[in-house]
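For this note's numbering, count along the sequence shown from 1 and bump the result up by 7.
C-beta: ideal position from N, C-alpha, C; glycine also.
In what follows, a single structure is set out as structure tokens and then discussed.
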Amino acid sequence: MKKLFGRTARRFIAVASAFTCLIAVAPSVGAAQLKEARVTQVVNDVKLLLQQAAPRPAVVSDLVRHGTAVRTGTQSRSELTFADLTITRLGANTIFTFDEGTRQMNLINGAILFQVPKGSGGATIKTVAVTAAITGTTGIGEFHPASSRNALPFSKWLCLEGTFHLILPNGQSVEVGPGKMVTTDGKSFSKVLDFNIGQLVKSSLFFTGFDKPLASLDLIVLEEQKQLALQLASGFVDTTTQNPLDLTRIIDVIDQGIVAEEANQTPPSPPPPPPPPPPPPP
């Protein structure tokens, strides 16, 4: 009996010790997940902006750590992959950073596609005007700060699969689901609009301009099929085509600050009518 008790006690202690070690190791693994990202694709002009050194061109396999910004130029793009397989694709004219160990990314300017795997712990994408809280989602975010041309910032967010929440500094929030998009100036949200998932996947450089398909592509295709079934059943309306800031504007990541400015301008006055013809000679 004593031997049985002794073996049981020793087994319990061993299991408990292993469990304790597992708990001790787990936080360090989770914290390391956003410790650094690896550059997995570079197209044209992509630079790393280092804190203590001059900017330099990015190359595949470069490690991007806390305090280093990634900047893309015109007609340029890049892909970053984190240890937990979170993927961030940067469009043209974009500046992006992340905060080590916090699962927070920072979109300073431009547009990104983000794919955060389910069960990875989620992530937060911050801009000066809006914060996106993401868990197991693929989507696109675009942000342009206020400038001399635009008194207010402009931001657009599209969800391809999963859901995410947007939160403004004043506390307003909105949930965005598959096939939905919303814009904001940092003070209020637009109406949540529908967009055509299939059209975006086939046309956007976030998909056509990169070598490898996203790991979540099957989930995106599933949402596309659901949207198509809804369209056939009830007459789906792509409301983005009825909006001045329509979906096609984001496909090649055109500067939405200019688009927003144009959308808010008063239409020009029509030209004056031509003068009447001279009277016929007597």
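Which same chain residues, not among the five before or five after residue i, have their C-beta less than 6 Å away from its C-beta?
| i | result |
| --- | --- |
| Glu107 | Lys42 and His73 |
| Ser197 | Val189 and Thr190 |
| Ile94 | Thr88 and Gln122 |
| Arg96 | Glu86, Leu120 and Phe213 |
| Val199 | Lys187 and Val189 |
| Val53 | Ala65, Thr79, Ser83 and Ser85 |
| Gln58 | Gly74 |
Check for me: the beta strand (DSSP E) holding residue i runs from which residue to which?
| i | result |
| --- | --- |
| Gln111 | Gln111 to Val123 |
| Ala139 | Thr138 to His151 |
| Gly128 | Unbroken run through Gly128: none, as it is neither H nor E. |
| Gln48 | Glu43 to Val50 |
| Thr191 | Lys187 to Thr191 |
| Leu165 | Phe161 to Ile174 |
| Ala76 | Ala76 to Thr79 |
| Val53 | Val53 to Leu56 |
| Val71 | Leu70 to Arg72 |
| Val183 | Ser180 to Val183 |
Among the residues of its own chain, which have a CB less than 8 Å from the CB of residue i, if the five just before and after it don't count?
| i | result |
| --- | --- |
| Ile204 | Leu167, Pro185, Gly186, Ile227, Glu230, Glu231 and Gln234 |
What whole-angstrom Cβ distance do residue i and residue j have, given they're in contact under 8 Å?
| i | j | result |
| --- | --- | --- |
| Ala65 | Ser85 | 6 Å |
| His172 | Ser162 | That belief does not hold up - the Cβ atoms of His172 and Ser162 are roughly 14 Å apart, past 8 Å. |
| Asn116 | Thr104 | With a Cβ gap of about 11 Å, Asn116 and Thr104 do not count as contacting. |
| Thr81 | Ala99 | 6 Å |
| Pro62 | Leu56 | 5 Å |
| Gly178 | Trp164 | Contact doesn't hold; Cβ gap of about 18 Å is too wide. |
| Thr138 | Ile174 | 5 Å |
| Gly129 | Thr142 | 4 Å |
| Thr131 | Ala140 | 6 Å |
How should residue i be labelled, buried or exposed, when 16 other C-beta atoms within 10 angstroms of its C-beta is the threshold for buried?
| i | result |
| --- | --- |
| Val122 | The question names Val, but residue 122 is Gln in the sequence shown. Gln122 should be labelled buried. |
| Lys209 | exposed |
| Gly126 | exposed |
| Leu237 | exposed |
| Ala240 | exposed |
| Pro220 | exposed |
| Asp225 | exposed |
| Leu155 | Note that residue 155 is Ser in the sequence shown, not Leu. Counting Cβ neighbours within 10 Å, Ser155 comes out exposed, since fewer than 16 surround it. |
| Val67 | exposed |
| Ala222 | exposed |
| Lys194 | exposed |
| Leu207 | buried |
| Ala158 | exposed |
On a CA-only basis, which of the options is nearest residue i? Give me that one, please.
| i | options | result |
| --- | --- | --- |
| Leu120 | Ala136, Thr101, Gly128 and Arg110 | Thr101 |
| Ala76 | Arg45, Asp91, Ala240 and Pro220 | Arg45 |
| Phe202 | Gly146, Leu92, Ala136 and Thr134 | Gly146 |
| Ala90 | Lys194, Pro124 and Asp192 | Pro124 |
| Gln111 | Lys133, Leu200 and Val199 | Lys133 |
| Asn51 | Ser83, Asp192 and Pro176 | Ser83 |
Would you kindly report the start and end of the unbroken alpha helix (DSSP H) that includes residue i?
| i | result |
| --- | --- |
| Glu107 | Run containing Glu107: none; DSSP gives neither H nor E here. |
| Leu92 | Counting along the chain, Leu92 falls outside any alpha helix (DSSP H), and DSSP gives it neither H nor E. |
| Ala240 | Leu224 to Ser241 |
| Gln206 | Ile204 to Ser210 |
Near residue i, what residues of its chain come up, given a Cβ to Cβ distance below 7 Å and the 5 sequence neighbours on each side ignored?
| i | result |
| --- | --- |
| Phe170 | Contrary to the premise, residue 170 reads as Thr rather than Phe in this sequence. Contacts found: Thr144, Glu182, Val183 and Gly184. |
| Ala21 | Note that Ala21 scores a pLDDT of 44, beneath 50, so its modelled location is shaky; the value from the coordinates is reported in the next line. No residues qualify anywhere along the chain. |
| Val135 | Pro152 and Pro160 |
| Gln48 | Val67, Ser85, Glu86, Phe217 and Asp218 |
| Ala39 | Residue confidence is low: Ala39 scores 41 on pLDDT, short of 50, so the model does not pin down where it sits. Its coordinate-derived value is still stated next. Excluding sequence neighbours, Ala39 sits near Ala90. |
Confirm the yes/no value for this check: CB of residue i, any heavy atom of the ligand HEM, distance under 7 Å.
| i | result |
| --- | --- |
| Leu92 | As far as ligands go, the structure on display features none, and thus does not contain the ligand HEM. |
So, does the CB of residue i fall closer than 8 Å to a CB anywhere in chain D?
| i | result |
| --- | --- |
| Leu221 | No chain D appears in the structure shown, which is made up of a single protein chain. |
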